[in-house]
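In what follows, a single structure is set out as structure tokens and then discussed.
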Ligand code: F6P
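Numbering (UniProt numbering), first residue to last: 235 to 725.
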């Protein structure tokens, strides 16, 4: 937080993302405020609270229009305003093409390589372009200076950086890609690869979570675009414009706001066990995320099946609670996953359940952060088994929730977080047997070993928190701006 305060360049900050930080929904005649389940939002919201500025996002709630002024703006957080939210409206047809279609049926599976075939349709691409232009126009309309710092978020807006550059040539545009960047061969499937690369290269800086994704990006540019690549200075120059390509591992705020007001760990343990009708001594593992096929939810259930087969001594004593927030349910790949997960949970419960005890409890609904943190604090283990993930902030939130320095994190080697949280039990989610052995080892891990591992992971997340993530990007932006000023002075 201090780093952010000292490095914050004297400039206007504008964020562009699809997902908004606050959603207003109408339910039973009343207006309800919802915090979306989104890594992007958990990371950026505290940064905006610290920096102030404008956040431009898609107004997606059923009561969103009722809350804004005539310019579609709203001061947020509603309880203690610190920055401005500007909502952009997208029709259902546009949403089907831009968000469900190109972004989530095309780019999402393309970048995650989770063996779901990407779909690329001409009409989705048309909507994607239209909505990117709409957001770029909103940036130009909201900017009160000719050279704001614009933070463009994620794969929904690959074309926006170039469009913003045309409207505001002096802007410092930092684009952060929250999901993995695949190798050049995989990216080559995309029919609009050149346009997407050209759009992104309108940025001043493009950030990824890991060096590995930066390298994949360089290889992709090298293969498909005529430009100058300098891997030593980590820059791509296209038509005289330089873009820096940098790794910035994203993180969470420290201490997390959701920890405030939490009961002591013992009380959380009791409350959650009572709520699920479990004995006070029951061992609990939790998995908490959006119901997404990249998260490896089925794979972790398979590993629990193997655990209870190889180690029947855990039957009746071990319960896995999977909290899954419905997401993108309009898409067949997502609704199919929900059906498969429900069927698999039933099958495993029938095989290993005894005396009314069910080893898998699947709770399909959105949970607000305080509920999520209570579960983290009540659990003996947390399972993050993504098949591929840019970073995965659930892993970091679990660590942040455990101020008692107990609990074991089981973490996929294919999540960016595994590069930082090396004291987790690192697993290959495709290998059910070794994941089952990791579960068994976690359940048997002595308290002092848990404490040492958790202590180191907490130190890492505390030091490398989201303010440092934003601070590093803004520091790089400040350097670019200084250099430009010096060049201008030199004539
Ligand atoms: O980080 C990846 C991401 O797609 C974010 O862009 C997004 O906010 C989050 O996951 C949740 O997805 P969605 O916004 O589609 O619900």
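Ideal Cβ placement from N, Cα and C applies to all residues, glycine included.
Expressed to the nearest angstrom, what Euclidean distance is found between the alpha-carbon atoms of residue i and residue j?
i           : j           : result
residue 473 : residue 401 : 17 angstroms
residue 500 : residue 612 : 8 angstroms
residue 455 : residue 466 : 16 angstroms
residue 521 : residue 449 : 31 angstroms
residue 579 : residue 586 : 11 angstroms
residue 565 : residue 535 : 22 angstroms
residue 652 : residue 259 : 36 angstroms
residue 725 : residue 635 : 53 angstroms
residue 555 : residue 344 : 30 angstroms
residue 689 : residue 426 : 46 angstroms
residue 247 : residue 285 : 8 angstroms
residue 256 : residue 381 : 27 angstroms
residue 358 : residue 482 : 30 angstroms
residue 211 : residue 526 : Past the edges of the chain, shown from 235 to 725, lies residue 211, and the structure says nothing about it.
residue 497 : residue 722 : 57 angstroms
residue 436 : residue 404 : 12 angstroms
residue 440 : residue 711 : 11 angstroms
residue 647 : residue 662 : 6 angstroms
residue 670 : residue 543 : 10 angstroms
Whose C-beta lies closer than 6 angstroms to the C-beta of residue i among residues of the same chain, with five residues either side of it excluded?
i           : result
residue 385 : 249 and 408
residue 502 : 608, 611 and 612
residue 640 : 684
residue 341 : 389
residue 457 : 418
residue 254 : 291
Which partner residues does residue i have in the DSSP bridge list?
i           : result
residue 480 : 441
residue 521 : 556
residue 288 : 248 and 318
residue 345 : DSSP output for residue 345 lists no bridge partner at all.
residue 471 : 462 and 476
residue 408 : 385 and 439
residue 594 : 554
residue 646 : 661
For chain C, find out if any of its Cβ atoms is closer than 8 angstroms to the Cβ of residue i; answer yes or no.
i           : result
residue 713 : Of the protein chains in this structure there is only one, and it is not chain C.
To which residues of the same chain is residue i closer than 8 angstroms at the C-beta, ignoring the five residues directly before and after it?
i           : result
residue 388 : 251, 252, 274, 410, 411, 412 and 413
residue 424 : 340, 341, 344, 352, 354 and 430
residue 589 : 550
Grab me the residues of residue i's own chain with a C-beta within less than 7 angstroms of its C-beta, minus the 5 sequence neighbours each way, in chain order.
i           : result
residue 676 : 615, 642, 644 and 659
residue 732 : Residue 732 falls outside the range modelled here, since the chain spans only 235 to 725, and no answer is possible.
residue 630 : 485, 486, 651 and 695
residue 699 : 485, 486, 487 and 488
residue 545 : 674
Does the ligand PLP have a heavy atom nearer than 7 angstroms to the CB of residue i?
i           : result
residue 270 : This structure lacks the ligand PLP; the ligands present are the ligand F6P.
*State whether the region 259-266 contacts the region 286-300, with contact taken as three or more CB pairs (one from each stretch) at a distance under 8 angstroms.*
yes
*Assess, as a yes-or-no matter, whether the region 514-522 is touched by the region 475-493 under the definition of 3 or more beta carbon pairs within less than 8 angstroms.*
no
*asked:* Measuring CB atoms only, is the region 655-667 touching the region 480-491, in the sense that at least three cross pairs come out at less than 8 angstroms?
replied: no
*Between the region 519-535 and the region 566-577, do at least 3 Cβ pairs fall closer than 8 angstroms?*
yes
*Are the region 360-376 and the region 413-425 touching, with three or more C-beta to C-beta distances below 8 angstroms?*
no
*Take every Cβ of the region 321-336, pair it with every Cβ of the region 356-364, and state whether three or more of those distances are shorter than 8 angstroms.*
yes
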